[in-house]
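In my numbering, the protein residues as written are -8 to 169.
Cβ coordinates follow ideal geometry from the N, Cα and C atoms, glycine included.
Everything numeric in this text was worked out from a predicted model, so none of it was measured.
See structure below.
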């Protein structure tokens, strides 16, 4: 499949939000209930405008259609879109802290075609160029095997209250080769 990866722009915001919703609803089947996915979309999953402003959020396009997105962050916030209340926009110190891998979503019609891997490779390369030697993320259950295949190690799951609905997430980390 031919696709290109580019830095997301504010004009992509609405399309990315739509991609997040379809990806979460379709790819979470068998991992989360419909109630859990709806709660996550309302209170956790979504576009993080700061990633777009920082130039660290990417989209994959095929034939001018956005089919995937994901990014990395030099900020303390580990997960959550603009609507997520527990956010810390402070900058990380790459000498001591891990960059954050954030908000990966692939359109269900384009999974397992190397899109997520290509975006992840781009994020890791950019974080390395910015002086980070490790990465961390908060994976959804459907994403755990993807990240594990990319060299990320899983910690014990956490249980997050999304507006009264409990969601299971998995913290994961990776040390980058310098």
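Are the CB atoms of residue 89 and residue 43 within a distance shorter than 8 Å?
Counted from its first residue, the chain shown places residue 43 at position 52. Counted from its first residue, the chain shown places residue 89 at position 98. Contact annotation: residue 43 and residue 89 have beta-carbon atoms that are not nearer than 8 Å.
Report the rounded CA-to-CA distance for residue 7 versus residue 103, giving the unit in angstroms.
The sequence position of residue 7 within the chain shown is 16, counting from 1. The sequence position of residue 103 within the chain shown is 112, counting from 1. One Cα belongs to residue 7, the other to residue 103, and the distance between them is close to 19 Å.
Given a threshold of 16 other Cβ atoms within 10 Å of its Cβ, counted over all protein chains shown, does residue 150 qualify as buried or as exposed?
To locate residue 150, count along the chain shown from 1; it is residue 159. That one is exposed.
Looking at the secondary structure, which residues open and close the alpha helix (DSSP H) in which residue 137 lies?
The residue you call residue 137 lines up with position 146 of the chain shown. Unbroken alpha helix (DSSP H) run through residue 137: 135 to 140.
Using C-beta distances below 7 Å, list every residue in its chain close to residue 145, excluding the 5 sequence neighbours before and after it, in chain order.
Here residue 145 refers to the residue found at position 154 when the chain shown is read from its first residue. Exclusion of the five residues before and after residue 145 leaves 135, 139, 161, 163 as the residues of its chain whose Cβ lies within less than 7 Å of its Cβ.
Quick one: what's residue 150 bridged to in DSSP?
Working through the chain shown from its first residue, we reach residue 150 at position 159. Beta-bridge annotation (DSSP): residue 150 is paired with 159.
From which residue to which residue does the beta strand (DSSP E) around residue 131 run?
The sequence position of residue 131 within the chain shown is 140, counting from 1. In this chain, the beta strand (DSSP E) harbouring residue 131 covers 125 to 131.
Test item: CB-CB of residue -4 and residue 113 under 8 Å
In the chain shown, counting from the first residue as 1, residue -4 sits at position 5. In the chain shown, counting from the first residue as 1, residue 113 sits at position 122. With contacts defined as CB atoms closer than 8 Å, residue -4 and residue 113 qualify as a contacting pair.
Which first and last residues belong to the beta strand (DSSP E) in which residue 93 is found?
Residue numbering aside, residue 93 sits at position 102 when the chain shown is read from its first letter. Its beta strand (DSSP E) spans residues 90 to 97.
What three-state label does DSSP hand residue 83 in the structure shown?
On the chain shown, position 92 is the one that residue 83 refers to. Shown here, residue 83 sits in coil according to DSSP, grouped into three states, outside any helix or strand.
Neighbourhood of residue 125 by C-beta, 7 Å cutoff - its chain only, sequence neighbours within 5 removed:
The residue given as residue 125 occupies position 134 in the chain shown. Contacts found: 89, 164, 165, 166, 167.
Evaluate contact between the segment 97 to 111 and the segment 51 to 59, counting only Cβ atoms and requiring at least three cross-stretch pairs below 8 Å.
Counting Cβ pairs under 8 Å, three or more are found: they touch.
For residue 58, count neighbouring C-beta atoms within 10 Å of its own C-beta (all shown protein chains included) and say buried if the count is 16 or more, exposed if not.
Here residue 58 corresponds to residue number 67 of the chain shown, with the count starting at 1. Residue 58 comes out buried.
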